[in-house]
Amino acid sequence: MFTQRHPSLLWTTLSVCLLAVLWVIFGPTGLGGRAAYAIINGNSMEPLYHTGDLVILQPVTRVEVGKIIAYNYPGLGRVIHRVVAIEGEHYLFKGDHNDWLDGYRPTQKDLIGEAWIHLPHLGRWVLYLKQPVNVAILMSLAGGILMFKSFFTNPRPKKRPKSPWRWPNFNTLGIDPATRETILFSLSLLLFIAIVLGLLSLTTPAYRTVSDDLPYTHAVTYSYTAPANPQVYDSNTVQPGEPLFPALNCTLDITIVYALTSPAPISLNGSYRTFVLVSEPNGWKRTYELIPETTFQNGVFGTQTRLDVCEIRKGIETMTRLTGLNRSVFDISIKTEIKQTGTIGERPYDESIVSSLDFGLDPIQLYLYRDTNGETDPLNWQMKGALQGSRKEVNTLSFLGLRLAVLPVRILSGIALVGALTGILILALPALTLGISMGEAEKYRLKYGNLIVRTLQPPAIPTGKQISTTVVVAGLDDLARIAQQTGTLIIEYQSDTLHEYTVWAENIRYTCTLKDKPSDQ
């Protein structure tokens, strides 16, 4: 048995286990828990959430349309809205009260947690307590109440003597009580950590599936040249980017170099063809073939072709004469259609793309269209892509700011759990076995500790006391309460199997007797 003022070993163990479970469920993620918190600030989620509400978040297991999830919005902080669409790796969010989508499209790394428990108005109190001045006011009020109570409440007769709990001196282990308490505290702490880490690791998959997309890039480099009149140009040839004047020269020699690059090995078979697309804004268009369909391998080819601008101009003049269309500028696009199948990094690949080199043709010149912002080079066409894939990697969990691998944590927490419970059982076993075999008097000595003083002679009336009344109480528990209230000790005198207990209080002698069973001796 243990004192009534201190929890039993079993209760301590259960309390540690319960605290560990609650910590895992409601503890912050940065401190080993699985919960995050969001305080509603605004009306974007009304009528579900209102300003000042507190929402407890749990880890996002799977993103689905309709789920309410909190995420980090750059520049704004934590935002909690509903998922309305999924586009590849990006998620589209919208507040229930809003008519527009969120401007930021987060990815998995931006997600904080999905809504779990809604606590109306509680967030206001959290914000209130975060203000230093409010904390100071509450502490001042608490201090004032304590001072008021100390001044105006009736003082107790005397402060009772301390009777600290201690371990019984079990000779089977040879460990003193102070050391036992230290060991018990250490084992309880180890048990707490083992349960927290064990629950975290068991509820977290040992391996996680992560995106392992294989990137690749299409690159088409264009170049063109033509004989030039030195009286018009700086050299004898038209350089890439310079206009061509059909009055001086009608032909343009075009070079096309294509390459598909990727960090993974490429094994592809493909074909390409090049044609000229003449069009104008009303939707009219006409196609002239430059290079018929040609095969190539492993994502690389180079080719040359010649564009006859005068022939294209004749076609345009015929169309305008027959239709009466009066247009001065037409779009001339050199397009290359590329088809490929095969594998990239042992992943199947099948794709068709069309690159383009765009010119404008007016009655005087053929000139290259340029990006007005200067962000892209019209002579270097690029398109990036990726073959989607996934791979498994060792999963980790967060505990006190550390990232720990799940599988080793499972093993170590299991070892720690068994070790802590074994140690606690070793400490408890002597108490349990001794509690069964010991007599009632010994149990009471263990229960009340230093409150009981044993004497070898019958208790005599203390010097200076006048005992006028002797009160026989029902049992030792009643006598112990009197001793604690009056700040005195219990005197125990044993005669054979009879134990006499006495408490001297003022002019009253309180007493009771206890007779051990023969089997207790």
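Add 11 to a position in the sequence shown, counting from 1, and you land on the number used in our numbering. Glycine is no exception: its CB is placed at the ideal position from the N, C-alpha and C atoms.
- Between the stretch 371–379 and the stretch 333–349, the count of Cβ pairs shorter than 8 Å is three or higher; the stretches touch.
- Of the residues assessed, Glu125 falls on the buried side of the cut-off, its CB having 16 or more other CB atoms within 10 angstroms.
- Counting only unbroken stretches of 3 or more residues, the beta strand (DSSP E) elements lying wholly within the stretch 45–81 are 47–50 and 65–69, in sequence order.
- Of the candidates Thr329, Ile51, Thr352 and Leu198, the residue whose Cα lies closest to the Cα of Leu436 is Leu198.
- Under the DSSP definition of a beta bridge, Met330 lacks any partner.
- At a Cβ-Cβ threshold of 9 Å, Val66 and Ile50 count as neighbours.
- Listed in chain order, the beta strand (DSSP E) runs fully inside the stretch 410–443 are 413–416, counting runs of at least 3 residues.
- Taken through DSSP and simplified to helix, strand or coil, Thr193 comes out as helix.
- Bounds of any beta strand (DSSP E) do not take in Glu453; it lies within the alpha helix (DSSP H) bounded by Glu451 to Tyr459.
- Taking the C-beta atoms as reference points, Ala237 is found no nearer than 9 Å to Thr220.
- By the neighbour-count definition (other C-beta atoms within 10 Å, threshold 16), Ile91 is a buried residue.
- By the neighbour-count criterion, in which a residue is buried when 16 or more other Cβ atoms sit within 10 angstroms of its Cβ, Arg456 is buried.
- Bridge partners of Asp264 according to DSSP: Thr236 and Arg317.
- Within the same chain, Cβ atoms closer than 7 Å to the Cβ of Tyr102 are found at Val74, Val94, Arg116 and Pro117, the five residues on either side in sequence being excluded.
- In the DSSP secondary-structure assignment, Cys28 is not bridged to any residue.
- When secondary structure is reduced to three states using DSSP, Leu490 falls in the helix class.
- Ranked by how close their Cα comes to the Cα of Ala230, the residues Gln250, Ala270, Gly313 and Tyr244 have Ala270 in first place.
- The three-state reading of DSSP puts Arg381 in coil, since its state is none of H, G, I, E or B.
- In the displayed model, Ile472 falls within coil according to three-state DSSP, outside both helix and strand.
- In the three-state scheme derived from DSSP, where H, G and I count as helix and E and B as strand, Asp369 is classed as strand.
- Annotation for Tyr380: Asp369, Phe370, Gly371 and Pro389 place their beta carbon closer than 7 Å to its own, counting only its chain and skipping 5 residues before and after.
- Secondary structure note for Ser344: its beta strand (DSSP E) is the uninterrupted segment Phe341 to Ile355.
- Looking at the DSSP output, Gln505 bridges to His510.
- The shortest CA-to-CA distance from Val76 to any of Trp34, Leu200, Pro257 and Ala96 is the one to Ala96.
- Counted as a single uninterrupted DSSP element, the beta strand (DSSP E) harbouring Thr220 occupies residues Tyr218 to Ser222.
- Counted as a single uninterrupted DSSP element, the beta strand (DSSP E) harbouring Val405 occupies residues Ser401 to Val405.
- Under DSSP, the beta-bridge partners assigned to Arg297 are Val289.
- The C-beta separation of Ala46 from Leu29 comes to about 16 Å, leaving the pair out of contact by the 8 Å criterion.
- By the Cβ rule, the stretch 281–289 counts as touching the stretch 349–357, because three or more pairs are nearer than 8 Å.
- Distances from the alpha-carbon of Thr497 to those of Ala485, Ser479 and Arg520 put Arg520 closest.
- Just so you know, the alpha carbons of Glu57 and His108 end up roughly 6 Å apart.
- Shortest Cα-Cα distance from Ile80 to any of Tyr60, Phe104 and Lys526 involves Phe104.
- Look at Val231 here: in three-state DSSP terms it is strand.
- Distance between Asn461 and Glu453, taken at the CA atoms: about 13 Å.
- Here Tyr82 is buried: its Cβ has 16 or more other Cβ atoms, across all protein chains shown, within 10 Å.
- Non-local C-beta neighbours of Arg89 in its own chain, meaning closer than 8 Å and more than five positions away in sequence, comprise Ala49, Ala81, Tyr82, Asn83 and Ile123, ordered along the chain.
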